[in-house]
């Protein structure tokens, strides 16, 4: 594992694991050794066991329970880079040379040190520090605070909005502004030298784009919300639309779970493939929509509403809304014959296609424990 965390001087002190992540080398990341190292780094100094999540959540809610948790000593942590332990290496070399002079004394001293390490208990202050400094604890802190934020956001848009923001709304505003400042810090602290490159690297992550859209949308709604009517009502509507982005962001939290994570990744990848399916569906909808509109409404005047009518009702028919009153309406002989036939033919195509897509999706069902797909 030390090879994975060894800092390469010719590569700007990057590690092998960092280079593999940058290159998206999934096979390397999915290797057993890499997965063990990542798990070790994820848990920090906490000893791994059953129901770690419940223990950490209970420790966050009831801090005195931290003292009852098991922690690993510094010597047991395997993810520290060798560069961080150069002093320890020098000491080991000195001990090896001294063994040639007085091996018995050194061995006895080593046995005494090992026994004292095994008997040494982790101090209370170190336990508290290591608990709150563990990535696993930070993740649950972030998750709990985010869920609390969502609850407050739900509250301010579900109840009557007053002229000036309430305490709950100010908390939501401060949370989003703080998150925006954190995003700016991430851009400025990234590795590229130029600002444009920093932004490009930051924008490669999908969730960063989602966060940026959610933050700017909320700030726009906030500026309108602080005005008088009717702008206040428009700002409230923007608040309501903006919460969609924040709920979608919950999927990023699900991505950490080894069972939900592969499905989130699969959905993200299938969204691109779905665009091709939408193009095919658009052809079917347009062919039926134009024929239906021309048969049922032969005397329409040229307006832009015609483009809306071509897709409106055929689109809802895909989901089961058949508009039976329009099928049996009084019209010409041609309409009575051609419209039901064209409608039945249109419904025959998309529904079997959807079934096929579902079957293909299940055939690509990822294993929840497949690290290559999840990486």
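Numbering (this note's numbering), first residue to last: 1 to 375. Here a beta-carbon is modelled for each residue, glycine too, at the ideal position from N, C-alpha and C. The structure displayed is predicted, hence computed values, not measured ones.
Contact check, residue i vs residue j, beta carbons under 8 Å
i: residue 135; j: residue 202; result: no
i: residue 157; j: residue 243; result: yes
i: residue 22; j: residue 28; result: no
i: residue 207; j: residue 252; result: yes
i: residue 234; j: residue 226; result: no
i: residue 171; j: residue 152; result: yes
i: residue 247; j: residue 221; result: no
i: residue 215; j: residue 188; result: no
In DSSP terms, what residue i is bridged to
i: residue 71; result: 46
i: residue 19; result: Residue 19 pairs with nothing; no bridge assigned.
i: residue 407; result: This structure gives no information on residue 407, because the portion of the chain shown stretches from 1 to 375.
Contact belief for residue i with residue j at Cβ below 8 Å, rounded distance in angstroms
i: residue 131; j: residue 66; result: 5 Å
i: residue 264; j: residue 139; result: That pair is no contact at about 16 Å.
i: residue 210; j: residue 254; result: Going by Cβ atoms, the distance from residue 210 to residue 254 rounds to 14 Å, so no, they are not a contact pair.
i: residue 290; j: residue 310; result: 6 Å
i: residue 137; j: residue 56; result: 5 Å
Rounded separation between residue i and residue j - CA only
i: residue 44; j: residue 6; result: 18 Å
i: residue 51; j: residue 133; result: 19 Å
i: residue 175; j: residue 183; result: 12 Å
i: residue 35; j: residue 26; result: 11 Å
i: residue 228; j: residue 236; result: 12 Å
i: residue 307; j: residue 60; result: 56 Å
i: residue 46; j: residue 8; result: 28 Å
i: residue 193; j: residue 200; result: 12 Å
i: residue 53; j: residue 143; result: 12 Å
i: residue 93; j: residue 3; result: Residue placement at residue 93 is flagged as unreliable, the pLDDT there being 49, under the threshold of 50; the coordinate-derived value follows with that caveat. Taking the straight line joining both Cα atoms gives about 20 Å.
i: residue 275; j: residue 295; result: 30 Å
i: residue 320; j: residue 18; result: 50 Å
i: residue 146; j: residue 286; result: 43 Å
i: residue 198; j: residue 230; result: 40 Å
i: residue 314; j: residue 268; result: 27 Å
i: residue 14; j: residue 24; result: 15 Å
i: residue 58; j: residue 40; result: 21 Å
i: residue 300; j: residue 292; result: 13 Å
i: residue 124; j: residue 37; result: 26 Å
i: residue 69; j: residue 159; result: 42 Å
i: residue 335; j: residue 298; result: Bear in mind that a pLDDT of 47 at residue 335, under 50, signals an unreliable position, so the model cannot answer this.
i: residue 316; j: residue 282; result: 13 Å
i: residue 16; j: residue 204; result: 22 Å
i: residue 217; j: residue 260; result: 28 Å
i: residue 262; j: residue 62; result: 32 Å
i: residue 161; j: residue 302; result: 43 Å
i: residue 177; j: residue 196; result: 23 Å
i: residue 272; j: residue 280; result: 14 Å
i: residue 33; j: residue 186; result: 29 Å
i: residue 121; j: residue 212; result: 46 Å
i: residue 181; j: residue 163; result: 27 Å
i: residue 266; j: residue 323; result: 35 Å
i: residue 270; j: residue 219; result: 31 Å
Closest by C-alpha distance to residue i, when choosing among the options
i: residue 128; options: 181, 57, 64 and 153; result: 64
i: residue 380; options: 179, 221 and 191; result: The structure shown does not extend to residue 380, since the chain is modelled only from 1 to 375, so the question has no answer here.
i: residue 148; options: 229, 168 and 40; result: 168
i: residue 126; options: 72, 145, 146 and 160; result: 72
i: residue 232; options: 293, 165, 294 and 185; result: 165
i: residue 30; options: 213, 163, 271 and 258; result: 258
i: residue 154; options: 121, 177, 241 and 212; result: 241
i: residue 377; options: 213, 318 and 323; result: Residue 377 lies beyond the stretch modelled for the chain, which goes from 1 to 375, so this question has no answer here.
i: residue 288; options: 270, 266 and 312; result: 312
Near the ligand MG: residue i beta-carbon under 7 Å from a heavy atom
i: residue 318; result: By its list of ligands, the structure shown contains no ligand whatsoever, and the ligand MG lies outside what it can speak to.
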